Amino acid sequence: MNEFYVVTGWALRLLQLMVVVYLLYYFKQHRFSLFFGGSASLKTPEDHKLHSCFLTAVACLTFYIISSQVADFILLSEMERLAKIKIYYFTLVCTGTAFAATLYLLHIIRGCQFFPAARYSIYLVLFLVLLNAAQLMLRGYFNNDLLFEVYGPATVVTNLLEWLIVIKYPFYKFMESRIRQEA
Numbered sequence: 036m037n038e039f040y041v042v043t044g045w046a047l048r049l050l051q052l053m054v055v056v057y058l059l060y061y062f063k064q065h066r067f068s069l070f071f072g073g074s075a076s077l078k079t080p081e082d083h084k085l086h087s088c089f090l091t092a093v094a095c096l097t098f099y100i101i102s103s104q105v106a107d108f109i110l111l112s113e114m115e116r117l118a119k120i121k122i123y124y125f126t127l128v129c130t131g132t133a134f135a136a137t138l139y140l141l142h143i144i145r146g147c148q149f150f151p152a153a154r155y156s157i158y159l160v161l162f163l164v165l166l167n168a169a170q171l172m173l174r175g176y177f178n179n180d181l182l183f184e185v186y187g188p189a190t191v192v193t194n195l196l197e198w199l200i201v202i203k204y205p206f207y208k209f210m211e212s213r214i215r216q217e218a
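One gets my numbering by counting positions in the sequence shown from 1 and adding 35 to each.
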């Protein structure tokens with residue numbers, strides 16, 4: 036099982052690197068219009084899709100970094116085991132909920148439509164929030180390891196799916212531009 040975690044960890048890092056390259060590339064092209072362009076920059080469905088995917092990628096990257104740093108800090112802190120478990124899962128529930136709310140609000144403020152990347156991203160995060168809430172109740176309050184064997188693989192696979200969804204749009208845009216260059 037450790038090999039599974041190592042391989043998926045490297046796959047996640049590769050996908051995150053691809054997302055960072057995507058963010059830098061599109062930010063270089065569009066500058067701050069991706070954040071503050073107003074409704075004038077959202078003329079076509081393709082513009083809405085670009086902005087929705089950009090906002091989703093920024094939110095995913097930001098909240099992934101925040102939640103992993105906070106989780107590492109909690110796991111390395113000196114405190115009672117049961118308190119650590121409660122704080123750990125509660126923090127993951129809070130950061131997942133904050134991600135979903137932030138992504139929703141960014142779309143509302145920006146005025147762009149929710150494209151599948153954003154919707155599926157929120158669905159997956161809500162699944163993780165429910166899974167972490169279940170772990171909080173089971174492990175933190177009932178001292179029960181019922182979901183312990185399922186939790187790790189489910190979390191890793193869900194995170195992998197999350198990053199695959201986020202990178203799908205830039206990958207297709209890249210492939211589309213390559214096909215146009217060859218034609």
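Note that CB positions come from ideal geometry on N, CA and C, so glycine has one too. Since we're looking at a predicted model, the values are computed, not measured.
Tell me the residue span of the alpha helix (DSSP H) that contains residue i.
i      : result
Phe183 : 183-217
What separation, rounded to the nearest whole angstrom, lies between the Cα atoms of residue i and residue j?
i      : j      : result
Ala118 : Val105 : 15 Å
Leu110 : Thr132 : 20 Å
Tyr124 : Gln170 : 7 Å
Ala135 : Thr193 : 15 Å
Arg215 : Thr97  : 33 Å
Pro188 : Cys88  : 26 Å
Gly44  : Leu159 : 18 Å
Ile157 : Pro151 : 10 Å
Tyr99  : Pro80  : 28 Å
Ala92  : Leu58  : 7 Å
Leu196 : Glu217 : 31 Å
Cys147 : Met210 : 24 Å
Ile144 : Ser102 : 24 Å
Leu90  : Arg154 : 12 Å
Arg174 : Asp82  : 45 Å
Tyr176 : Phe108 : 22 Å
Thr191 : Leu47  : This sequence places Val at residue 191; Thr is not what is there. If you take the alpha carbons of Val191 and Leu47, they lie about 9 Å apart.
Asp180 : Ile122 : 17 Å
Met172 : Leu77  : 44 Å
Taking DSSP as the reference, what is the three-state secondary structure of residue i?
i      : result
Met114 : coil
Leu161 : helix
Cys30  : In this structure the chain extends from 36 to 218, so residue 30 is not present and cannot be described.
Asp82  : helix
Leu77  : coil
Asp180 : coil
request  = Could you say if the region 122-129 and the region 54-64 meet the contact criterion of at least three C-beta pairs nearer than 8 Å?
outcome  = In short, these stretches do not touch, since the Cβ pair count stays below three.
query = Is the region 139-152 touching the region 184-193, taking contact as three or more C-beta pairs under 8 Å?
reply = no
inquiry  = Pairs of beta-carbons, one from the region 108-117 and one from the region 153-165, closer than 8 Å: are there three or more?
reply    = no
query = Pairing CB atoms from the region 199-212 with CB atoms from the region 40-54, are three or more of them under 8 Å?
reply = yes
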